[in-house]
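First up is the structure itself, then whatever we jot down about it.
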Amino acid sequence: MAIKAMGRRTRPPAAEVSEGTWIEVAALDKRYQPRRSAPTQALVDINLTVRRGEFISVVGPSGCGKTTLLKILAGLSPKSAGTVRIAGREVTKPLPEVGMVFQAPTLLPWRTIFDNVMVPAEIQKLDPARHRERAQQLLDMVGLTGFERKYPHELSGGMQQRAGICRALVHDPAVLLMDEPFGALDAMTREYMNVELLRIWRESGQTVVLVTHSIPEAVFLSDRVVVLSQRPGRIAEIVPIDLERPRDLGVMSSDRAGVYVDRIRAHFNAASVID
Amino acid sequence: MAIKAMGRRTRPPAAEVSEGTWIEVAALDKRYQPRRSAPTQALVDINLTVRRGEFISVVGPSGCGKTTLLKILAGLSPKSAGTVRIAGREVTKPLPEVGMVFQAPTLLPWRTIFDNVMVPAEIQKLDPARHRERAQQLLDMVGLTGFERKYPHELSGGMQQRAGICRALVHDPAVLLMDEPFGALDAMTREYMNVELLRIWRESGQTVVLVTHSIPEAVFLSDRVVVLSQRPGRIAEIVPIDLERPRDLGVMSSDRAGVYVDRIRAHFNAASVID
Amino acid sequence: MATTEVVGGARTPAPEKPTRRRLDLRERPQLWLVPAVFVVVVLAWEYGTELFSVDEYVLPRPSQIFDALGRQLGDGLFWSHLWVTSREALLGFLIGVGAAVLLGTFISQVKVVEATLMPYIVAFQTVPKVALAPLFVLWFGFGLTSKVVMAAVISFFPMLVNVIEGLRAADADRIQMLTVFGAGRAQIFRMVRLPTALPFIFAGLDIGIVFAILGAVVGEFIGAKEGLGYLLLQTNYNFDISGMFAVLVVLSVMGLVAHFVIRLLQRRLAFWAEDTRVIGA
Amino acid sequence: MATTEVVGGARTPAPEKPTRRRLDLRERPQLWLVPAVFVVVVLAWEYGTELFSVDEYVLPRPSQIFDALGRQLGDGLFWSHLWVTSREALLGFLIGVGAAVLLGTFISQVKVVEATLMPYIVAFQTVPKVALAPLFVLWFGFGLTSKVVMAAVISFFPMLVNVIEGLRAADADRIQMLTVFGAGRAQIFRMVRLPTALPFIFAGLDIGIVFAILGAVVGEFIGAKEGLGYLLLQTNYNFDISGMFAVLVVLSVMGLVAHFVIRLLQRRLAFWAEDTRVIGA
Amino acid sequence: GGSGDDAGAEQGAPAKLTFAIASAVIGPKEEVAVFAVAKELGYFEEEKLTVETINTDGSVAALQAVASGSGDVTAADTGSILGATEKNVPVKAIGGLVQNWPWVIAVKPGSTIAGGGDLKGKKIGVISLASGSAPYARAFVAEAGLDPAKDVELLPVGVGAQAAAALNDGKVDALALYTQAYTVIENAGTTLTYLDNPDVFDGIRSLSFAVGARTLEEKRDVYTRFLRASYKAMLFSAKNPEAAMRIGYKVFPQILAGKQADAQIATDTKVLTAWLKTATPTTGTPEQWGDWGAISDQEWAKTQAYTKQAGQITGDVELGKVWEPGLLGAANQFDKAAVVDKAAGYTAK
Ligand SMILES: Nc1ncnc2c1ncn2[C@@H]1O[C@H](COP(=O)(O)OP(=O)(O)OP(=O)(O)O)[C@@H](O)[C@H]1O
Ligand SMILES: Nc1ncnc2c1ncn2[C@@H]1O[C@H](COP(=O)(O)OP(=O)(O)OP(=O)(O)O)[C@@H](O)[C@H]1O
Ligand SMILES: [Mg+2]
Ligand SMILES: [Mg+2]
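Residue numbers (my numbering), protein chains in the order written: chain U, 1 to 275; chain C, 1 to 275; chain G, 1 to 281; chain W, 1 to 281; chain Z, 1 to 349.
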């Protein structure tokens, strides 16, 4: 099944931005200050540059600040200090060229699955006919054929999550932020979705930041893997994955992939996740 | 860290029930009949008996009916045909000796994490002092020390899920139903939680039915793994895991474990998860 | 039966019986309970008043009210009174509720506006409209307008409070989701806030229509030549207490019809709430 | 500022500035906007009425109202009127709202009860209480009771509708969760339904208290020896329109105070809604 | 409002007027005896007047209406007119209407109360404490030598059913209502005994015609014509109340509220007659009456004194400010015999 790129709708970069710094995070700090309880330092001194078209994964122990980082990139959460730029623009509010898969599916209960998937296209007033077609292709791809007219509560958890993935892809965003998009899927569906994602990414040239709990998944998909330390999240290491592309699942049984997986896993063991 | 069993509060079995048939599912059929859309056949002819104290895992592709099965066992969803018994009693409504971890954390936003964990104890009017102590031990075990007084929205996805696990364990239920309890956890935390769960189970003698997407996890934890086929879910195979207990994570690198994993995985490949 | 099937608290599900929607007296006992209650109440009233020999002018009996009702329904003038009041109430309702939705939307969107305007709105609301009514009449004349204004003013506030509260109830995660995809205020409003607010809005509509009818009637009390409120005064003045109760019965029926129309709309428009509602719990 | 921080629609966050709660005029512009609006309205009113030479009996000027207010506040009798009406309104409010909560709880728990009772409640609600007021007086006497009943009856319905709608709004998943852990109806009610209903309930309280004051005043219109409603009639009868407006001002202030008390309670009791509320979106 | 017609400045030119009925309902009272009859019999037409009615909620509202121009002319309580004038509300009385004191105290037949003195320690039902009936009850009690503040208790009981019930149930010992309200109560089957009013009440004026003071000069002619038509109608009604009542049904079908005219005519005529009695001289026959609408200075003085006692005015109101008797001369110029003849032989179609 072929899902075509829709043609980038990214505005030209604000300043002279080299391809080397499409997303730029510098000295980022994030501290939550709830009104009724103690503050939480979520992220400390995050520095990261992502090239245009790069595929980055972020891994780290639960509660280390991965979602927080993604929300700041998405312009959903204010930072406490530092700079965040996408395409040369300071991120102060969500940018239309960004698509996001949320950790929880967050579908609208008053819309059918199909209409949920169409939300970004509707918001951005994109050509309905073409995007309806694309929405259908995406739903077919993730195995939700026949569920287009159902309402979210009639779907299983994994099916809802897949619908959320379709929604993030429907407007063919230039930057794709994904927060554990495959967490509710079985191993096989997950591998299949990995392969499909990689294909879409290759064809459309998106810049992807993926949060995942699966180290092999991160290695298989990414150009680089950002390993965050335990809360408060700091960058423990950025591991470049030097496996040739295009990759297929076979590559994961290779020794080189195994070396990467072990190297990343070592960070986790060192941190002794839960005391 | 030692979490003691609180002593079973299971009523004596209704009839003469042998230890061999603690949970009994026979010819179970489930069909959803939404008012506004086409019906969905979720489960077909499920037959399963679980012994007292047994650890069962259920695996199967996304949308095959795992959650549905668990909800029927929990007495939350009416079946369309067949019989379901726990401890010799027909399940027509939730039984107090059952604890459940939901696929979504479902914490109450108006309660602190600690008070959320205490919900089952409060409902069943169990001795507050002892159960507060146990709640704290469980929270410490899952690494939520210091977050007891926070509200759910101040926690990360994985932290919320861990709170949900504590809640299911706090009243030391005789039967534990878990719907992908570790889905939002990173690999290391997940392994740690697997080990802890196994320890609690061994010490308390609970009967556990666990839905999981991780085949290695299922193999590591279970006495038997129930493999469901694609929707509509039928039992493709029930695989007895003949690995000696107590098990540690090392067992997973053994060849025998690998054989089980491959055997279960074969079912998924055969089904070719998404067309 | 709804889709999210939950076996509630202490209720036993009946999984064998396929769920069908039928005019089944066992499944919808209200179909006989409502008339039954009606008959019981009417009989108790009838024979209670007879037993304690309550005078007609203190509390007329159902049979007397029924007679008076029959008399009035046969009178062409009555229908024109009915039409006048219905029109006033409906117009007032539409204006009041419309204004409440507009202002409520505005208020709930701009925090400063709420903090600034709300005290004035509440202050204005607590002014008894009945006391102001003579001035309303001075300002808006003795015709339709003053009654419509009265109905509008009185149905405005319940709606406003509910609109504001409802538009605020939206889930933060859903708004975040839309925001990421570039939604502006208007789109967030349409796609999330409004649907979330629907239960509140329908509660407001339900209260609002009832109060609009009351407002029209009260407006007629102050200065009118026609309408059911006028008829109430007139029957009361004529010592025709049964006739007055007959008018009250007609007003009740008006309110009931409006209520059911609104509930029907609610079931149509806010269907998902029905679908995910828990059965019997 | 709330905890779930969302950068809203078109607003720029100010991440550099640490969020502090201060009586800062820039952060809480209502602190000067409310008085400013007040001054503007009063001035416009004062000079508008002068400019168009509006007569006092059509619309008195703020200065005249203020004079009358000063005169009345200096009168010991006025405070006893105020006390009488406050007591009637408060008692009526407590009774009406209490009955609405009880009945609403019952109704929302038992489907049949709702279907059976609701038509009668709506029918009763559409009966203009003002028309019934003379009968109220016949039934409940000339003293406190008839006014309290009036206030209770009129604040009952908005509360009832909101309680029913609110208790229904509970999330099915949360109820399932409690059910699994063995919760009965009462526990589900306390742990999920009630908290979910709080925003609805507070909307109902807000409407209810305003209507309770109105009800007490209207009750006094029909037959009273004291109270602000009586004072309204008296001032009107004496053509003391400024005095009448002064009473209306006092009623407004009563309503405002009640409103703010309820909103304060809401912020205390339904804090999580505040916390997860989205900023500026 | 209906006063937009400037042609009124010209003598005898057609004009439109709005008559504000000082009551929220239409009943067998001034709107029947004056308005309906004048309209139906063409008295307004003869004067080239087109008159419409509005209902206002009592005298105060009616006066506000004419002062603000929503209405042109009303028949309002004279005390209220005085009160309005004192508060600088631009209204002026132009002719009297109800001349005999309409308020009276009633008790149950067989009651021990036979005079004002017996009211000590009793409860008196008044319409409302902010209505003409409360000051009347106080004045009545004071006249009997009692202290109205201490010796009696006033209870607001409204009119009609509620008042009747209050008396019947013993919640009050006496009622202080106007005559016509009693007729309604008696029609409903309650019999009453009335106490005699002391002489002090003689000559205190009740309803009078009032208009907006600002338009008075400009519309003098129109108002004169209105008064003339009104007094003609009064004469007709006094001569033949039943015919007047039937005309009332025709012009205001809402009086019947769905009932049959023939079933109601007897009782309604009684009520109208009671009203007419208060609005016409106590002596003589209609044929002999003249000087319609006159209010003597002495009557004004008594009314002022009473109004002051009731608290509706605080000082004396200059007579010239409240009373414009200059229209009455022309208003009385009509053929009284013709009206009486027409009334005597009139049968409604
Ligand atoms: N409330 C419902 N109404 C209608 N259909 C439903 C409902 N709940 C589940 N289904 C359907 O039943 C099937 C099984 O759903 P279920 O949630 O049991 O799957 P699952 O195995 O838990 O999947 P996942 O791994 O994705 O959570 C799905 O096809 C789903 O669409
Ligand atoms: N709205 C909030 N208010 C206060 N604290 C918060 C909030 N959101 C997150 N946090 C805190 O910030 C830290 C990081 O949370 P975040 O959700 O970014 O973690 P995560 O890496 O996504 O974890 P997971 O893998 O479990 O989803 C946690 O300690 C959490 O308690
Ligand atoms: Mg996260
Ligand atoms: Mg599931």
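We treat Cβ as the ideally placed atom computed from N, Cα and C, and that holds for glycine.
Please compile the residues from chain U whose C-beta is within a distance smaller than 7 Å of the C-beta of glycine 182 of chain G.
-> Pro94, Pro96, Ile123, Gln124
Is methionine 159 of chain C near ligand 5, going by C-beta to nearest heavy atom under 7 Å?
-> Ligand 5 is not part of the structure shown, which contains ligand 1, ligand 2, ligand 3 and ligand 4 as its ligands.
Nearest residue (CA-CA) to proline 173 of chain U, options U:Arg35, U:Arg265, U:Val208 = U:Val208
What separation, rounded to the nearest whole angstrom, lies between the Cα atoms of arginine 22 of chain W and glutamate 226 of chain G?
-> For arginine 22 of chain W, the predicted structure reports a pLDDT of 48, less than 50, and the residue's modelled location is therefore unreliable. The matter cannot be settled from this model.
Helix, strand or coil for threonine 21 of chain C, going by three-state DSSP, please let me know.
-> helix
Could you list the residues in the region 145-156 of chain U with a C-beta less than 7 Å from some C-beta on chain C, going in chain order?
-> Arg149, Lys150, Glu154, Ser156
Interface partners of glutamine 64 of chain W on chain Z, CB under 7 Å | By Cβ distance, chain Z contributes nothing, its closest Cβ being about 11 Å from glutamine 64 of chain W, past 7 Å.
Which term fits proline 128 of chain U, buried or exposed, when burial requires 16 or more other beta carbons within 10 angstroms of its beta carbon?
-> exposed
Confirm the yes/no value for this check: CB of lysine 66 of chain U, any heavy atom of ligand 3, distance under 7 Å.
-> yes
May I ask you to check if the CB of serine 77 of chain U is nearer than 7 Å to at least one heavy atom of ligand 3?
-> no
Interface residues of chain W around tryptophan 22 of chain C at Cβ under 9 Å?
-> By Cβ distance, chain W contributes nothing, its closest Cβ being about 18 Å from tryptophan 22 of chain C, past 9 Å.
Does any C-beta atom of chain Z lie closer than 8 Å to the C-beta of leucine 251 of chain G?
-> no
Is it true that the CB of alanine 100 of chain W sits closer than 8 Å to the CB of leucine 256 of chain G?
-> no
For glutamate 154 of chain C, does the three-state DSSP call read helix, strand or coil?
-> helix
Can glutamine 230 of chain C be considered in contact with ligand 4, in the sense that its beta carbon sits closer than 7 Å to one or more heavy atoms?
-> no
Under the assumption that valine 58 of chain W contacts leucine 138 of chain G (Cβ atoms under 8 Å), give the Cβ distance between them as a whole number of angstroms.
-> 6 Å
Taking only heavy atoms of ligand 3 into account, decide whether any of them is closer than 7 Å to the Cβ of glutamine 176 of chain G.
-> no
Which runs of the beta strand (DSSP E), 3 residues or longer, sit entirely within the region 79-128 of chain Z?
-> 91-96, 103-107, 123-126
Would you tell me roughly how many angstroms separate the C-alpha atoms of threonine 280 of chain Z and threonine 269 of chain Z, rounded to the nearest one?
-> 16 Å
Identify which residue in G:Gly204, G:Val34, G:Leu82 has its Cα closest to the Cα of leucine 340 of chain G.
-> In the structure displayed, chain G extends from 1 to 281; residue 340 of chain G sits before or after that span and is not available.
Out of C:Arg256, C:Ala168, C:Glu196, C:Arg132, point me to the one whose CA is closest to glycine 143 of chain C's CA.
-> C:Glu196
Going along chain W in order, which residues have a C-beta closer than 7 Å to the C-beta of threonine 106 of chain C?
-> Asp173, Arg174, Met177
Determine the direct distance from the alpha carbon of threonine 85 of chain Z to that of valine 247 of chain W, and round the result to whole angstroms.
-> 22 Å
Sequence-distant residues of the same chain with beta carbon closer than 8 Å to asparagine 236 of chain G, five excluded per side = Met244
Alanine 186 of chain W: CB within 7 Å of a non-hydrogen atom of ligand 2 = no
Out of C:Gln230, C:Pro246, C:Phe182, state which residue places its alpha-carbon closest to the alpha-carbon of glutamate 203 of chain C.
-> C:Pro246
Counting only beta-carbon atoms, is asparagine 47 of chain U nearer than 8 Å to chain C?
-> no
Rounded C-alpha distance that separates isoleucine 204 of chain Z from glutamate 52 of chain Z = 29 Å
Taking 7 Å as the line, does the beta carbon of arginine 42 of chain C fall inside it for any heavy atom of ligand 1?
-> One point to set straight first is that residue 42 of chain C is alanine, not arginine, in the sequence displayed. Yes, the beta carbon of alanine 42 of chain C sits closer than 7 Å to at least one heavy atom of ligand 1.
Cα separation between glutamine 64 of chain W and serine 242 of chain W?
-> 6 Å
Would tryptophan 79 of chain G be called buried (16 or more neighbouring beta carbons within 10 Å of its own) or exposed?
-> exposed
Given that a residue counts as buried once 16 or more other Cβ atoms are within 10 Å of its Cβ, and exposed if not, what is aspartate 262 of chain U?
-> exposed
Would DSSP call alanine 344 of chain Z helix, strand or coil?
-> helix
Chain C contact for glutamine 187 of chain W (CB, 8 Å cutoff) = yes
Look up tyrosine 57 of chain G in the DSSP assignment and say whether it is helix, strand or coil.
-> coil
Between the region 136-156 of chain Z and chain W, which residues of the former have CB atoms less than 8 Å from a CB of the latter, in chain order?
-> Leu154, Leu155, Pro156
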